[in-house]
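As structure tokens, the structure follows; a few thoughts come after it.
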Amino acid sequence: MAQSSAAQLQPTAAERRRVIGATIVGTTVEWYDFFIYANMAALVFNHLFFEPAGAQYATLWSLFSIGLSFLFRPLGAFLAGHFGDKIGRKPMLVLTLLLMGGATTLIGFLPTYAAIGIAAPILLILLRILQGISAGGEWGGAVLMAVEHAPYGRRGVYGMYPQLGVPLGMILASGMIALVSGISPLISDTFFDEWGWRIPFIFSIVLIAVGYWVRRSVEESPVFKEIAQDAEQQSAPIVVVFKKYGWLVVLCAFIFAGNNAAGYMTTGGFLQGYATGSIEGSLLTMDRTLVLGFVTIASAVWFFSTLASGYISDAIGRRKTFIIGWLGQLVAVWILFPLVNQGQDNPLMFLLAVSLFAIPLGLCYGPVSSWYAETFPASVRYSGVSISYAIGAIIGGAFAPFIAQALLQAYGSWVAISIYLTAVTLLSLAATFLLRARDNVPLDHSFETDGDWEGFVADEGAKRKPDMAGIGK
Numbered sequence: 117m118a119q120s121s122a123a124q125l126q127p128t129a130a131e132r133r134r135v136i137g138a139t140i141v142g143t144t145v146e147w148y149d150f151f152i153y154a155n156m157a158a159l160v161f162n163h164l165f166f167e168p169a170g171a172q173y174a175t176l177w178s179l180f181s182i183g184l185s186f187l188f189r190p191l192g193a194f195l196a197g198h199f200g201d202k203i204g205r206k207p208m209l210v211l212t213l214l215l216m217g218g219a220t221t222l223i224g225f226l227p228t229y230a231a232i233g234i235a236a237p238i239l240l241i242l243l244r245i246l247q248g249i250s251a252g253g254e255w256g257g258a259v260l261m262a263v264e265h266a267p268y269g270r271r272g273v274y275g276m277y278p279q280l281g282v283p284l285g286m287i288l289a290s291g292m293i294a295l296v297s298g299i300s301p302l303i304s305d306t307f308f309d310e311w312g313w314r315i316p317f318i319f320s321i322v323l324i325a326v327g328y329w330v331r332r333s334v335e336e337s338p339v340f341k342e343i344a345q346d347a348e349q350q351s352a353p354i355v356v357v358f359k360k361y362g363w364l365v366v367l368c369a370f371i372f373a374g375n376n377a378a379g380y381m382t383t384g385g386f387l388q389g390y391a392t393g394s395i396e397g398s399l400l401t402m403d404r405t406l407v408l409g410f411v412t413i414a415s416a417v418w419f420f421s422t423l424a425s426g427y428i429s430d431a432i433g434r435r436k437t438f439i440i441g442w443l444g445q446l447v448a449v450w451i452l453f454p455l456v457n458q459g460q461d462n463p464l465m466f467l468l469a470v471s472l473f474a475i476p477l478g479l480c481y482g483p484v485s486s487w488y489a490e491t492f493p494a495s496v497r498y499s500g501v502s503i504s505y506a507i508g509a510i511i512g513g514a515f516a517p518f519i520a521q522a523l524l525q526a527y528g529s530w531v532a533i534s535i536y537l538t539a540v541t542l543l544s545l546a547a548t549f550l551l552r553a554r555d556n557v558p559l560d561h562s563f564e565t566d567g568d569w570e571g572f573v574a575d576e577g578a579k580r581k582p583d584m585a586g587i588g589k
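Counting in this note's numbering, the sequence shown runs without a single skipped number right up to 589 at its last residue.
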């Protein structure tokens, strides 16, 4: 009976297309908001909000504010995971989008230190914390809406779609800042620092309206429909996750850490600040608009690498795709800075550096969603994937720009930064070997309640027939 019920909840092709569109648009808007802050933190926030700390510490405080929001991602993951497993994935997607957009827009209207003193950085950090809470809760809902709607054998591809929102958000953020930066000198030499930096934040109002309209139109996940129909929601899903699947949370978090640490060299604004000389310790003085334009192009490379990773992971498996990505990243972290340093005399070397760096980033990011979803059973899946992602982001990306800046100031060389990135990458590679592969495990609730979840292995999943009843089969 459970199998029959699950089969009746299978989404139509039209519903799947709407979900794909909604998850891509929604995550793009969310991450645009998130990356606008990270870019501005490295470019202007140090002297607009933290200048009284002095040049050296103002930069550190500005970059530290990026990481501070990550500490609140678990709170967003706890709340969204709890209610996402109890009342549904869709309501959480809409709520987190509005929270992120509201905080981002308010930053655009925030007075600077020169206007209201110490209240300015305090308000800035509070709004950044709200962004962190939203980011912690949004990702899990987006990827589960996609993965739980996926047809048999295409879970990697469907899970990849919401992941595309990250490079797309970076493209949009870098492109918008580059546009404003390029136009600003036509108005005045000080326009960008005085008012221009606010435009990308205020523009978020338009994007949030689009994202809200798109996300309201999608159907609830078929897996959650099945859980709700059976009236078997967990009363405290987070408690169950840590009690029964705590080790899996740890491994999933460590897998994501390496990707996030490397990714936040660009998405966290460090390389932009390093190349333009706007951070303490950098000797480069590349043109800001040019650097942002090159980062936008590299984000497009990241987009296509992420796109390819979904298809690759369905063809050869999640683990093998990650291993290829980690090996590529181990090479990339050692050629990144030597190429960037040549960008002063030959700007195309900077473009080559960030573009090559983006390839393994995509390979190790696209399959995260499908592997996470296949790691946790239906009743606690939102909680499991959200908290794993949030903790992984803290371990890896939260303070990566801050750590990189501190290492640069302490040692005066990029080598220490590459050693740090190598260590985190090796940690993620080890976790990749330890986490159990569960490719193509049925995701429906009946598979969990029938007692088949714990004993499933990936090889058995490959033999299951696509026409078997049940969601996610």
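In this text, a Cβ means the ideal position worked out from N, Cα and C, and glycines have one as well.
No experiment lies behind these values; they were computed from the predicted model shown.
Leaving out five residues on either side along the sequence, give the residues of the same chain with a beta carbon under 7 Å from the beta carbon of residue i.
i	result
G256	A193, A196, G197, G200, Y498, V501, S502 and Y505
R331	A138, G142, L209, V210 and L213
A171	E396
M292	P316 and F319
F307	S300
A154	I182, T383, G384 and G385
G660	The requested residue 660 is not part of the displayed model; the chain covers only 117 to 589.
E167	A174 and Y229
Thinking C-alpha only, which one of the options is nearest residue i?
i	options	result
L524	F386, I299 and E264	F386
F563	S529, L537, P493 and L550	P493
S297	G285, E254, L288 and G312	G312
T491	V334, P207, F572 and V135	F572
I413	W363, N457 and F473	F473
A522	Y390, G508 and G459	Y390
G281	I475, I140 and R434	I140
G233	I249, A169 and S529	A169
F518	G508, G409 and Y536	Y536
N162	G218, A546, T228 and T221	T228
T392	V456, N376 and R554	V456
G285	T382, V365, L367 and L551	T382
G482	A262, N155, L164 and A219	A262
G217	F151, T541 and A266	F151
I510	L187, R134 and F165	L187
P283	R271, G248 and S415	S415
A539	L467, N375 and F358	N375
L452	A532, A489 and R314	A532
G156	S398, A289 and V273	Note on identity: in this sequence residue 156 is Met, with Gly being the wrong assignment. For the residues S398, A289 and V273, the minimum Cα distance to M156 belongs to A289.
R132	V259, L399 and L222	V259
Determine the burial state of residue i: buried for a count of at least 16 other Cβ atoms within 10 Å of its Cβ, exposed for fewer.
i	result
E570	exposed
A516	buried
N462	exposed
S544	buried
P190	buried
A231	exposed
V484	buried
R205	buried
A130	exposed
G512	buried
V470	buried
W363	exposed
G433	buried
S250	buried
V568	Val is not the amino acid found at residue 568; the sequence shown has Asp there. D568 should be labelled exposed.
V333	According to the sequence as given, residue 333 is Ser; it is not Val. The residue is exposed, with fewer than 16 neighbouring Cβ atoms inside 10 Å.
T401	exposed
Take residue i and list the residues in its own chain whose beta-carbon comes closer than 8 Å to its own, dropping the five residues that flank it on each side.
i	result
L226	A236, L239, L240 and L243
T405	A294, S297 and G298
R270	D430
L550	L367
Spatial neighbours of residue i within its chain, please: C-beta separation below 6 Å, excluding the five flanking residues on both sides.
i	result
I136	Y277
S478	According to the sequence as given, residue 478 is Gly; it is not Ser. Excluding sequence neighbours, G478 sits near W418, S421, T422 and S425.
M465	L455, Q458 and G459
I428	T437
I74	Any property of residue 74 remains undetermined from this structure, which presents the chain solely from 117 to 589.
G379	L477
Is there a Cβ of chain D sitting closer than 8 Å to that of residue i, yes or no?
i	result
I241	Here chain D cannot be found, since the structure has a single protein chain.
Complete alpha helix (DSSP H) runs within the stretch 181 to 229 (minimum length 4 residues, chain order): Whole alpha helix (DSSP H) segments, 4+ residues: 189 to 202 and 205 to 224.
Length at least 4, wholly inside the stretch 256 to 283: the alpha helix (DSSP H) runs in chain order: 271 to 279
Runs of alpha helix (DSSP H) lying entirely within the stretch 384 to 465, each at least 4 residues, in chain order: 386 to 392, 404 to 432 and 434 to 457
Secondary structure, alpha helix (DSSP H): runs of 4+ residues fully inside the stretch 546 to 574: 561 to 565
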